[in-house]
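What follows is one structure encoded as structure tokens, with my remarks underneath.
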Amino acid sequence: MKIIYELGDRVRVDQHWKRKNLGAQLEERGLSQGLDRYLKSDDMAGASIEFDKYQKQPIDEVGYIVGSREIKVRYGLMYVSDDSYDMPPVDEIRQVSDHYEKIYLVATRMNCIRKVSVENITFLGR
């Protein structure tokens with residue numbers, strides 16, 4: 001199993017990262033009325049809520065390594081309200097956590113580049 005791939009390596013991909021819709025995630029959690037209202041509620045005082053930016057989708061394709069990146073796959077949001085004496089008042093939703101994943105860009109067709117984790121790549125040759 002090859003861990004570091006080079007540009008032009010021929011590989012087989014069994015899963016890729018696909019962008020996940022935030023609106024759909026809000027509806028799944030019953031938050032279609034508004035994220036800011038939910039985060040400002042007393043139930044969420046001091047707590048954060050996690051969202052997935054990407055999720056893995058199964059595929060079976062052959063392609064070529066065309067680059068590498070680091071993408072944010074998950075993040076957390078929290079409502080922050082602060083009226084410090086020496087600072088301007090803050091009343092906003094902030095990102096408080098994130099998780100990054102190292103990925104390879106794999107060209108599987110002339111018009112398609114997949115974002116793929118190392119564990120989902122099988123080396124086929126040069």
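Residues 1 to 126, numbered by our numbering, are exactly what the sequence shown covers, in order.
Just so it is clear, CB atoms sit at the ideal spot from N, CA and C, and this is done for glycine as well.
Decide yes or no for the touch test of the stretch 13-21 against the stretch 113-120: beta carbon pairs closer than 8 Å, at least 3 of them.
yes
If you follow the beta strand (DSSP E) that Gly-125 is in, where does it begin and where does it stop?
121-125
With H, G and I counted as helix, E and B as strand and the rest as coil, what does DSSP make of Asp-36?
helix
Which same chain residues, not among the five before or five after Tyr-100, have their C-beta less than 8 Å away from its C-beta?
Glu-70, Ile-71, Lys-72 and Val-73
Grab the span of the beta strand (DSSP E) containing Leu-77 for me, first residue to last.
54-82
Cα-Cα separation, Ala-107 to Val-90
44 Å
Count the other CB atoms, across all protein chains shown, that sit within 10 Å of the CB of Asp-9; report buried if there are 16 or more and exposed otherwise.
buried
Environment of Val-62 [buried if 16+ CB atoms lie within 10 Å]
exposed
Integer Cβ distance of Val-66 from Leu-124, believed to fall under 8 Å
In fact, because the Cβ distance is near 15 Å, the residues do not count as touching under 8 Å.
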